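Structure, as C-alpha cells:
2 protein chains.
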Amino acid sequence: MIQSEVQDQVISRDELFHQWEGHRKLTRRTLEAFPEKELFTFSIGGMRPYAELIKEMLSMSEAGIEGLVSDKWHEVKEGDHFGETEYAARKQYLLDRWDALTERIAERWHLIPEGRFQEMTLAFGQYNDKGYRLLLYFIDNEIHHRGQGYVYLRALGIEPPPFWDRP
Amino acid sequence: MIQSEVQDQVISRDELFHQWEGHRKLTRRTLEAFPEKELFTFSIGGMRPYAELIKEMLSMSEAGIEGLVSDKWHEVKEGDHFGETEYAARKQYLLDRWDALTERIAERWHLIPEGRFQEMTLAFGQYNDKGYRLLLYFIDNEIHHRGQGYVYLRALGIEPPPFWDRP
Numbered sequence: 243m244i245q246s247e248v249q250d251q252v253i254s255r256d257e258l259f260h261q262w263e264g265h266r267k268l269t270r271r272t273l274e275a276f277p278e279k280e281l282f283t284f285s286i287g288g289m290r291p292y293a294e295l296i297k298e299m300l301s302m303s304e305a306g307i308e309g310l311v312s313d314k315w316h317e318v319k320e321g322d323h324f325g326e327t328e329y330a331a332r333k334q335y336l337l338d339r340w341d342a343l344t345e346r347i348a349e350r351w352h353l354i355p356e357g358r359f360q361e362m363t364l365a366f367g368q369y370n371d372k373g374y375r376l377l378l379y380f381i382d383n384e385i386h387h388r389g390q391g392y393v394y395l396r397a398l399g400i401e402p403p404p405f406w407d408r409p
Numbered sequence: 243m244i245q246s247e248v249q250d251q252v253i254s255r256d257e258l259f260h261q262w263e264g265h266r267k268l269t270r271r272t273l274e275a276f277p278e279k280e281l282f283t284f285s286i287g288g289m290r291p292y293a294e295l296i297k298e299m300l301s302m303s304e305a306g307i308e309g310l311v312s313d314k315w316h317e318v319k320e321g322d323h324f325g326e327t328e329y330a331a332r333k334q335y336l337l338d339r340w341d342a343l344t345e346r347i348a349e350r351w352h353l354i355p356e357g358r359f360q361e362m363t364l365a366f367g368q369y370n371d372k373g374y375r376l377l378l379y380f381i382d383n384e385i386h387h388r389g390q391g392y393v394y395l396r397a398l399g400i401e402p403p404p405f406w407d408r409p
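Residue numbers (the working numbering), protein chains in the order written: chain A, 243 to 409; chain B, 243 to 409.
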C-alpha cells in the first residue's frame, strides 16, 4: 500500500459523470453497429451474444444510478423476454432502453448525496465497497464487455467504432 | 454539460493508483493464462494476437507513468523483435517486463506532481488533455484489449480469470 503525501483532487464529480457518459455513447455506437440478427445470435467460444452483454450493462447501470442516489439497491428485472419479436424490433428496444437510461443518469447524477463516493455502501445486498469503486465497476464492466463486442464485430467483418472517440 | 453543486472528493490519488494496480494484476493473470504459442499467433477477425495487445499496453503505460511524473512524453520503443526466440521465452519476457513496470509505477507514483491530474498536458506531442483523462485512457485501453483477450481464451477453450477479482 503506497501512501502519497499529495492529496489534490484528481477527478471531480462532473468529470466522472462525463467519463461514464462518454463510454455509454461508444457502447451505444457498438450496439448500433451490429446486424440485427447477429446481435442476438452470434457468439464465440460459448460466450453470450452481444445483446445479452448489453442487457447486463443496462441492468447494472439502471440499478446502479438508483443505488448511488438513494442507497436502495434493487436488481432490475430484465423484463425483456422477446418471445417471437423480430430482431429489428428487439434491437430498437435495446437502443431505446439505452437512451432512456442515458437521460435518467444525466437527470439523477446531481442527486447522488455528498460523500457517497467515499462511503462504504452495501450494493445489491452483497458488494460492500466505496461508492466510487461500485461506479467504476459498472463502467469497467461495460468497457470489458464492449471490447468483447469489438471481437464479435471483427469476426463478422464489421469495423467497430473507434475506441478513442469518446467526446 | 451538467454542473453538480456538490464538489466533494470522489477518488483520491492513492485510490486511483490501486485501481490501476488492480487492473494490471488481472491483465497479468490473463497473459499468464495464454498457451505460449497461441499468445503470439492466435487471433480472430484479423485482429492482433494478445501478445501484440500486451505490447501496446506496456508501451503506453511505460511512457505514461514517465510522462505523468516528468511531463516528458517519449514513445517507448518496442525493442522486442523476437526473431527466432522460442515462444516460452517470449512469454516470459513479456511477464518480466510487466512485473518491472508494475514495480516502477509503484515507485514513481508519488512523484507525480500535485495538480498534474487536473492540468492540461500535451501527451506524446498530440493528445492535449487533463492528466486524469490521459491516465484513464491508459487504464480503459487496457480493460478494452484485455476483454478481447478473454474472447481469444474462450475461443481456445480456456477459462479466463474472473473479471471481478481485482484486489
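Note that beta-carbon positions come from the ideal geometry of N, C-alpha and C, so glycine has one too.
This structure is a prediction, so every number in the text was calculated from the model and none was measured.
CA nearest to the CA of residue i, picked from the options
i: B:E280; options: B:G264, B:S254, B:H265, B:E328; result: B:E328
i: A:E349; options: A:P277, A:G357, A:E304; result: A:E304
i: B:G287; options: A:D407, A:R408, A:W406, A:P402; result: A:P402
i: B:L395; options: B:V311, B:T283, B:R358, B:I354; result: B:T283
i: B:K314; options: B:H352, B:L300, B:G367; result: B:G367
i: A:L300; options: A:A331, A:P291, A:W406, A:R266; result: A:R266
i: A:R332; options: A:R255, A:H352, A:E294, A:G399; result: A:E294
i: A:I354; options: A:D338, A:L336, A:Y335, A:L377; result: A:L377
i: B:F324; options: B:W262, B:E317, B:Y335; result: B:Y335
i: A:R375; options: A:G306, A:V393, A:D341, A:D250; result: A:G306
i: B:P404; options: B:H260, B:F259, B:R270; result: B:R270
i: B:E278; options: B:R408, B:V393, B:D256, B:L398; result: B:L398
i: B:W351; options: B:I400, B:H260, B:N370, B:D338; result: B:H260
i: B:E274; options: B:A365, B:I381, B:Y292; result: B:Y292
i: A:L343; options: A:K297, A:A330, A:K372; result: A:K297
i: A:V466; options: A:E326, A:A365, A:V393; result: Outside the displayed range of chain A (243 to 409) lies residue 466 of chain A, so it cannot be described from this structure.
i: A:D256; options: B:Q251, B:E257, B:R255; result: B:Q251
i: B:H316; options: B:D341, B:Y369, B:S285, B:R290; result: B:Y369
i: B:Y379; options: A:F276, A:W406, A:M289; result: A:W406
Residue i - containing alpha helix (DSSP H), residue span
i: A:T363; result: Not the alpha helix (DSSP H): A:T363 falls in the beta strand (DSSP E), residues 362 to 365.
i: B:D250; result: It is not in any alpha helix (DSSP H) - B:D250 carries neither H nor E in the DSSP assignment.
i: B:E278; result: 278 to 283
CB contact check: residue i to chain B, cutoff 8 Å
i: A:E378; result: The sequence shown places Leu at residue 378 of chain A, rather than the Glu named in the question. With 8 Å as the cut-off, A:L378 counts as an interface residue toward chain B.
i: A:E257; result: yes
i: A:M289; result: yes
i: A:D189; result: In the structure as shown, chain A begins at 243 and stops at 409. Residue 189 of chain A is therefore absent and cannot be evaluated.
i: A:G357; result: yes
i: A:Y374; result: yes
i: A:I296; result: no
i: A:D371; result: no
i: A:R396; result: yes
i: A:G389; result: yes
i: A:Q368; result: no
i: A:D417; result: Here chain A covers residues 243 to 409 and nothing more, so residue 417 of chain A does not appear.
i: A:D250; result: yes
i: A:D382; result: yes
Segment limits, beta strand (DSSP E) that includes residue i
i: B:G407; result: The identity of residue 407 of chain B in the sequence shown is Asp, whereas the question assumes Gly. Per DSSP, B:D407 belongs to no beta strand (DSSP E) and is neither H nor E.
is_contact[residue i, chain A] using C-beta, thresh 8 Å
i: B:R270; result: no
i: B:H316; result: no
i: B:A275; result: no
i: B:G309; result: no
i: B:G325; result: no
i: B:A331; result: no
i: B:F284; result: no
i: B:G306; result: no
i: B:Y392; result: yes
i: B:Q334; result: no
Backbone secondary structure at residue i - three-state DSSP
i: A:K333; result: helix
i: B:L398; result: coil
i: A:K314; result: coil
i: A:M243; result: Confidence is the limiting factor: at A:M243 the pLDDT is only 45, short of 50, which leaves the residue's position unreliable, though a coordinate-based value still follows. Three-state DSSP puts A:M243 in coil, outside helix and strand.
Between the region 343 to 360 of chain B and the region 304 to 319 of chain B, are three or more C-beta pairs nearer than 8 Å?
yes
Could you check whether the region 338 to 352 of chain B touches the region 374 to 392 of chain B, counting it as contact only if at least three pairs of C-beta atoms, one from each stretch, sit closer than 8 Å?
no
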